[in-house]
Amino acid sequence: MYRQRRVVESPMGREIVVDSRRLLNFCSNDYLCLASDPRVVSAFREAANKWGVGSGASHLICGHTAVHEELEEHLAEFVQRPRALVYASGYAANVGVINALLTEGDHVFEDRLNHASLLDGGWISRAQFHWYAHSDVDSLESQILGESSSGSRKLIVSDGTFSMDGDFCLLKDLIDLSSRHSTWLMIDDAHSMGVTGIDGVGTVDPTKHTTDDVHVLIGTFGKAFGTAGAFVAGSDDLIETMIQRSRNYIFTTAMPSAIAAATLCSLHIVQQEGWRRDRLRELVLRFRRGAEQLGLQLMPSTSPIQPLIVGLPEETLRISRSLEERGCLVTAIRPPTVPDGTSRLRITLTAGHRVDDIDRLLTALEQTARRRSS
Ligand SMILES: *Cc1c(COP(=O)(O)O)cnc(C)c1O
Numbered sequence: 159m160y161r162q163r164r165v166v167e168s169p170m171g172r173e174i175v176v177d178s179r180r181l182l183n184f185c186s187n188d189y190l191c192l193a194s195d196p197r198v199v200s201a202f203r204e205a206a207n208k209w210g211v212g213s214g215a216s217h218l219i220c221g222h223t224a225v226h227e228e229l230e231e232h233l234a235e236f237v238q239r240p241r242a243l244v245y246a247s248g249y250a251a252n253v254g255v256i257n258a259l260l261t262e263g264d265h266v267f268e269d270r271l272n273h274a275s276l277l278d279g280g281w282i283s284r285a286q287f288h289w290y291a292h293s294d295v296d297s298l299e300s301q302i303l304g305e306s307s308s309g310s311r312k313l314i315v316s317d318g319t320f321s322m323d324g325d326f327c328l329l330k331d332l333i334d335l336s337s338r339h340s341t342w343l344m345i346d347d348a349h350s351m352g353v354t355g356i357d358g359v360g361t362v363d364p365t366k367h368t369t370d371d372v373h374v375l376i377g378t379f380g381k382a383f384g385t386a387g388a389f390v391a392g393s394d395d396l397i398e399t400m401i402q403r404s405r406n407y408i409f410t411t412a413m414p415s416a417i418a419a420a421t422l423c424s425l426h427i428v429q430q431e432g433w434r435r436d437r438l439r440e441l442v443l444r445f446r447r448g449a450e451q452l453g454l455q456l457m458p459s460t461s462p463i464q465p466l467i468v469g470l471p472e473e474t475l476r477i478s479r480s481l482e483e484r485g486c487l488v489t490a491i492r493p494p495t496v497p498d499g500t501s502r503l504r505i506t507l508t509a510g511h512r513v514d515d516i517d518r519l520l521t522a523l524e525q526t527a528r529r530r531s532s
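Residue numbers (the working numbering): 159 to 532.
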């Protein structure tokens, strides 16, 4: 399972140059194709001219600028929460938030397929850790019922869209359960914010679900927003608690203001350019239709994450290599990133792809699938 990094020699986009070869890119999380958008790049450049590069200190010392403040206000408005707080990365936000909310004697309940950062947050908090089977709300409920001691805090944590399978969490069921048992609910919407929902707001529709339903909402900027960083949104109390207690917020240098300014620009594009989501949906449909015609076993995903489970890691690597020979970059995903026996090609589509690109990928898959059966 030894990992090797590839050196990319071009900006992020529909095509990237890897080891001097130009390849169609089917494995980035730049779902809306904003990472190299000229407007986002300009916003970044202008802000760098105005604010410099480094923020110089943590938010609580003297690193918190007017741009951070503005971004937080816009984000809170976007997800219709009282407040939002920006972190330097999604990994930092998840660990920092869970660790600030829970301690010894508390309980955290996590989906088996949650992102590593959510698991790490649970472990580091020293709360009692409960793993429930993927999207198995009954199993989750029985685990909660088994821990009825009052006085301890209970937090349910789930990805909004699961990063390696592409399926959505059962949000309604999680909300019902959390309200019945008076637990808190935290949703990490890293892969859906910008990609689904009204104006790209993500899995949690704020017109239906307030902070009383989803107490802690996480969004990240490294995926659909095409920049870097993350935020947590929720009640005033939640955000104030994070400012006072979240170690990953307090003891780290603030995100550069230019990144915050670029993110403000992409937030605007995310809200305004619904065609990017429409385009993505059409491409996903086209890919799924084509793959089904080829007899490829797809996961039940309507998101831009379209994994093809292969099983064995060696076989997955082999197919990934032969796709690359045909000009398509699809990195093999192997354990421990995914469970044993489920090594896969994690195909991701973006609004920057063209219909022809999807067809080219399908042809490449057909050829590799043929080679497999011969
Ligand atoms: C990518 C990802 C993160 C981490 O976000 P970064 O900003 O890349 O650190 C957190 N949660 C999920 C579900 C992710 O997919």
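Yeah, the Cβ is synthetic: ideal placement off N, Cα and C, and Gly gets one too.
Original post:
Where residue 469 and residue 352 are concerned, what is the direct C-alpha to C-alpha distance, given to the nearest angstrom?
Top reply: A direct Cα-to-Cα measurement between residue 469 and residue 352 gives close to 31 Å.
Subject >> Buried or exposed (CB count within 10 angstroms, at least 16 for buried), residue 532 >> reply: Note that residue 532 scores a pLDDT of 40, beneath 50, so its modelled location is shaky and nothing firm can be said.
Original post:
Roughly how far, in whole angstroms, is the beta-carbon of residue 347 from the beta-carbon of residue 368, given that I think they are within contact range, below 8 Å?
Top reply: Wrong, their Cβ atoms sit about 15 Å apart, outside the cutoff.
Original post:
In angstroms, rounded to a whole number, what distance separates the CA positions of residue 515 and residue 525?
Top reply: If you draw a straight line from the Cα of residue 515 to the Cα of residue 525, it comes to about 15 Å.
Subject >> Residues with C-beta closer than 6 Å to any heavy atom of ligand 1, in chain order >> reply: For ligand 1, the selected residues are 247, 248, 249, 252, 273, 275, 317, 321, 346, 348, 349, 378, 380, 388.
Original post:
Quick one: what's got a C-beta closer than 7 Å to residue 272's C-beta in the same chain, skipping five residues either side?
Top reply: If we look at residue 272 and ignore the five residues flanking it on each side, its Cβ neighbours are 315, 316, 317.
**OP:** Using only alpha-carbon positions, find the residue among 391, 395, 387 that is nearest to residue 410.
**Re:** 387
**OP:** List in chain order: all unbroken beta strand (DSSP E) runs of 3+ residues lying wholly within the segment 407-448.
**Re:** none
**OP:** On a CA-only basis, which of 264, 281, 290 is nearest residue 270? Give me that one, please.
**Re:** 290
**OP:** Pick out the complete alpha helix (DSSP H) segments inside the segment 458-521, 4 residues or longer, and give them in chain order.
**Re:** 471-483
Original post:
What number of angstroms, rounded off, separates the C-alpha of residue 297 from the C-alpha of residue 328?
Top reply: 13 Å
**OP:** Below 6 Å CB to CB, which residues in the same chain sit around residue 372 once its five sequence neighbours on both sides are set aside?
**Re:** 343, 345, 362
Subject >> Length of the line joining the Cα atoms of residue 407 and residue 204 >> reply: Rounded to the nearest angstrom, the two C-alpha atoms are 26 Å apart.
Subject >> Residues that DSSP places opposite residue 183 in a beta bridge >> reply: 487
**OP:** Determine the burial state of residue 211: buried for a count of at least 16 other Cβ atoms within 10 Å of its Cβ, exposed for fewer.
**Re:** exposed
Original post:
If we count the other Cβ atoms within 10 Å of its Cβ and call it buried at 16 or more, is residue 322 buried or exposed?
Top reply: In the assembly as shown, residue 322 is a buried residue. Its beta-carbon has 16 or more other beta-carbons within 10 Å.
Original post:
Under the three-state reduction of DSSP, which class applies to residue 532: helix, strand or coil?
Top reply: Confidence at residue 532 is low in this model, with a pLDDT of 40, below 50, so its placement is unreliable and the value that follows should be read with caution. In the structure shown, residue 532 sits in coil (DSSP, three-state: anything other than H, G, I, E or B).
**OP:** With DSSP as the reference, label residue 371 as helix, strand or coil.
**Re:** coil
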